[in-house]
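Residue numbers (our numbering): 2 to 261. This report refers to the structure that appears directly beneath it.
Shown next as structure tokens:
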């Protein structure tokens, strides 16, 4: 337990030293603010840009506060997911390559402790940034577009976080297994291909982790919990556990690949 606490403090200090603890939440705050503000001021932006034919009118359809949460969720699923893959794909493999891990591996520290310290820190950042994005989006959505169902939005935050946790765990597992570049490429390809398959054969693949956010958004929009949600949560939870266990085993096995 003491080793875990020490390594978790190390991860925290690294996030503070490189200012990730500050700039990453700010990036997600901007991501959350972007859709409500852009849509609300779209007419003014078009007028400012100009170059429209004389007499041309653009009718912007009315949207609700919930629509803005849905739009922000789309940003999180695309940009947000890629940001986390890019940031954490080298968490373990990068330390092996540059020799930093040598300072850990010469001590009696199990690979599981190393993996879990990185996983907990990444999970904390995932929870913080998700909250920042949805809070910023919800704040401006409620000001400009009307009242939000706060309880439903809060549940969606939890559901999306479970999906993000699956992405983080899978990325760290690949980082424990292979090099940074391969981990990043594989994670992004798996996410993109998975989403494509989900859109093509999603009717027959109702318990896919890729559907988790969609079920959460269905609940936000309708107030009715989709019947597939709980089973999908269990499937995603099982995926997280399996990926985490594999990551622990691979971190321990690949100690000898550390550069000195």
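Glycine included, every Cβ here is placed at the ideal spot set by N, Cα and C.
- Residue 42 is classed as exposed because its beta carbon has fewer than 16 other beta carbons within 10 Å across all chains shown.
- Apart from sequence neighbours up to five positions away, the residues of its chain that approach residue 133 with a beta-carbon distance below 7 Å are 26, 29, 30, 33, ordered along the chain.
- Judged by DSSP secondary structure, residue 41 falls within the alpha helix (DSSP H) whose first and last residues are 21-41.
- By the criterion of a C-beta distance shorter than 8 Å, residue 254 is surrounded in its chain by 112, once the five residues flanking it on both sides are discounted.
- As for any alpha helix (DSSP H) of minimum length 4 sitting wholly inside the segment 208-251, the runs are 213-223, ordered along the chain.
- For residue 130, the enclosing alpha helix (DSSP H) begins and ends at 112-146.
- Runs of the alpha helix (DSSP H) lying entirely within the segment 162-213, each at least 4 residues long, are 181-202 in chain order.
- In the three-state reduction of the DSSP assignment, residue 65 falls in the coil class.
- Rounded to the nearest angstrom, the gap between the Cα atoms of residue 211 and residue 7 is 35 Å.
- At the C-beta level, residue 138 and residue 9 stay beyond 7 Å of one another.
- The distance from the Cβ of residue 94 to that of residue 180 is about 5 Å, consistent with a contact at the 8 Å cut-off.
- By the criterion of a C-beta distance shorter than 6 Å, residue 174 is surrounded in its chain by 244, 247, 248, once the five residues flanking it on both sides are discounted.
- Following the DSSP letters along the chain, one finds residue 9 inside the alpha helix (DSSP H) bounded by residues 3-18.
- Taken through DSSP and simplified to helix, strand or coil, residue 79 comes out as helix.
- The C-alpha of residue 221 lies about 5 Å from the C-alpha of residue 153.
- A residue is called buried once 16 or more other Cβ atoms fall within 10 Å of its Cβ, and residue 37 is buried on that count.
- Residue environment for residue 206: exposed (fewer than 16 other C-beta atoms within 10 angstroms of its C-beta).
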